[in-house]
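Numbering (the numbering used here), first residue to last: 1 to 600. We treat Cβ as the ideally placed atom computed from N, Cα and C, and that holds for glycine. All figures in this text were calculated on a predicted structure; none of them were measured in a lab.
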């Protein structure tokens, strides 16, 4: 059954469990005007199913509940059924998700939430379908008068002080499972952004415990069952506190985030385990979650039976399917991590893949004055979402930092200008998660959550530090002030806020690299990438004409420079790297340096 698309590229197909099921016999509609008009006209509530291709229990619900003949009949007779893909429509998921997938939500004809749950087995679903239909018929007038989304109100603003960074960082220590590693109890997720903040907190002198937390957590994941030892990559989460029973889907975003953390923990400790796992993870992303040229893919499906098999038995059966949809926000994060990995490991194929994706995104998914689409499945679709603009801009900034090509910074500027123009509500001083004109029918734009707003603020700060436009500094400060109150309640989930705020308050460490041969410049860039200090921003400056000169580095903050050197060892020490992980090729020629562990 085809799903209407309001961006471009024609109809989008609904996606069901890859195993036998009858879920397609339900008369699913896309989220849109047709579904809600029909709901009002026929006096039936909307049944909203939010699913995901990587979600085990979504597949189970397709195979059981939505394949039950009586459920199929009840849904088709008593409801207007709407099917939404979580990854393709994150704005709808954000507004209606019932704490997991699948989400089963019941809505009025105006989109107001009446009731909701996650997985509902067939026998229970039959009772629920009848009861909600009866209640809706009895209370239809009152329910249809209920607005779908509360009006957006100006946020409570907070003073931006270092104590906010410290509070978020300390919440990580509070959540630390000192017996099994990681944060919290079961289910246990890797939380790479919280680990990034903990590593940064250690580098900023907040305590040795932060580094111990990161090391113990990563090693628990690596040696536990969260990591696929045979094919590489990390699973999404563990259902148990001790990391022993994973949920077997592999997500692009998680693996990209962990790749970035692994590189920096290697920089801080010099422990080969982290570098080897980073290599393995990058190879998995390239081999399984990309086409190797210019596209990253969203996820690999969960298949417990497959992953429990030994290597020889896996070879005898098909691997779990990969969602080959290109999601712009997730792919941009992967592009940044893989570009960093390519720089550190000397692997040009990773760099080509990342830069190829950025070219693909700009040429195929970008529209002037509209911005990036959310996903591409043969055609670009769903323009008008905040995260796609911000994450792609951050990836362009990374590309500028590591290549020195101004075109990438110009494209980041274009995307941020669009964010300011279409997503920033200057009157109420808040950031919206969708643009008014491109939000889906029935959904008013809502404020961006703390993580998205904080990523936008960090992107603006980096644009200011790289390009010098003061407006980005001012807007970033306003943006962080607008979500500071929410950060206090977010605990370690507010890690993106704390990282952005520390960058605002303390300023950057811009590592300007000029001169020298490519190998020497690559070594200096690697040192900057490996630094555990989140404020470090590499900047490869374009070469000047004339006689070649040795590579030199200048490390500068907002108002002053702190280090000028041609020696890799001096830079490494200043950036907090373990001595010796990057070695000079010739101590008498400090400009000629290479990464000791570079791959061929």
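Excluding the 5 residues preceding and the 5 following residue i in the sequence, name in chain order all residues of the same chain whose CB lies nearer than 7 Å to its CB.
i, result
"residue 16", "23, 24, 62"
"residue 78", "44, 129, 133"
"residue 126", "70, 71, 74"
"residue 113", "96, 105, 107"
"residue 41", "none"
"residue 220", "180, 181, 182, 243"
"residue 542", "404"
Hey, is residue i close to the ligand COA, as in C-beta under 8 Å from one of its heavy atoms?
i, result
"residue 302", "As for the ligand COA, it is missing from this structure, which has no ligand bound."
Considering only residues of the same chain and omitting the five flanking positions on each side of residue i, which have a CB-CB separation below 8 Å?
i, result
"residue 499", "193, 196, 197, 200, 454, 458, 534"
"residue 121", "64, 65"
"residue 247", "56, 187, 235, 236, 237, 238, 239, 302"
"residue 18", "59, 301, 321"
"residue 573", "579"
"residue 496", "193, 450, 451, 454, 455, 458"
"residue 94", "433, 446, 449"
Can you give me the C-alpha to C-alpha distance between residue i and residue j, rounded to a whole angstrom?
i, j, result
"residue 328", "residue 360", "10 Å"
"residue 566", "residue 555", "11 Å"
"residue 234", "residue 479", "33 Å"
"residue 101", "residue 578", "42 Å"
"residue 415", "residue 393", "6 Å"
"residue 580", "residue 14", "53 Å"
"residue 602", "residue 347", "No information on residue 602 is available, as it lies outside the stretch 1 to 600 that the chain covers here."
"residue 515", "residue 208", "37 Å"
"residue 536", "residue 512", "10 Å"
"residue 99", "residue 157", "28 Å"
"residue 413", "residue 123", "54 Å"
"residue 86", "residue 51", "6 Å"
"residue 281", "residue 255", "7 Å"
"residue 116", "residue 446", "20 Å"
"residue 312", "residue 269", "35 Å"
"residue 358", "residue 526", "21 Å"
"residue 38", "residue 81", "10 Å"
"residue 547", "residue 517", "The predicted position of residue 547 is uncertain, since its pLDDT is 46 and thus under 50; no value can be drawn from it."
"residue 342", "residue 26", "47 Å"
"residue 163", "residue 472", "23 Å"
"residue 150", "residue 468", "Note that residue 150 has pLDDT 49, beneath the 50 cutoff, so the model's placement of it is unreliable and the number below is only indicative. Taking the straight line joining both Cα atoms gives about 38 Å."
"residue 36", "residue 30", "10 Å"
"residue 405", "residue 355", "11 Å"
"residue 190", "residue 367", "35 Å"
"residue 253", "residue 425", "29 Å"
"residue 353", "residue 528", "21 Å"
"residue 54", "residue 251", "8 Å"
"residue 558", "residue 486", "28 Å"
Do residue i and residue j have their CB atoms nearer than 9 Å?
i, j, result
"residue 210", "residue 169", "yes"
"residue 539", "residue 466", "yes"
"residue 419", "residue 450", "no"
"residue 232", "residue 287", "yes"
"residue 505", "residue 160", "yes"
"residue 278", "residue 344", "yes"
"residue 531", "residue 205", "no"
"residue 399", "residue 475", "no"
"residue 384", "residue 325", "no"
"residue 563", "residue 570", "yes"
Once you ignore the five residues that flank residue i on each side, which residues in its own chain have a CB closer than 6 Å to its CB?
i, result
"residue 423", "386, 431, 432"
"residue 143", "108"
"residue 508", "465, 535, 537"
"residue 388", "328, 329, 372, 374"
"residue 242", "180"
"residue 185", "241"
"residue 176", "213"
"residue 260", "337"
"residue 397", "412, 462"
"residue 390", "455, 456, 459"
"residue 20", "none"
"residue 448", "386, 431, 433"
According to DSSP, what are the bridge partners of residue i?
i, result
"residue 513", "540, 553"
"residue 50", "84, 103"
"residue 425", "430"
"residue 251", "299"
"residue 277", "In the DSSP output, where bridge partners are listed per residue, residue 277 has none listed."
"residue 263", "Paired residue(s): none; residue 263 is not in a bridge."
"residue 373", "383"
"residue 163", "For residue 163, which the question treats as bridged, DSSP gives no partner whatsoever."
"residue 188", "238"
"residue 227", "234"
Indicate whether the contact test is met: 3 or more Cβ pairs, each with one atom in the stretch 301-319 and one in the stretch 267-280, closer than 8 Å.
no
Does the stretch 324-341 come into contact with the stretch 290-299, if we say contact requires no fewer than three beta-carbon pairs (one atom in each stretch) closer than 8 Å?
yes
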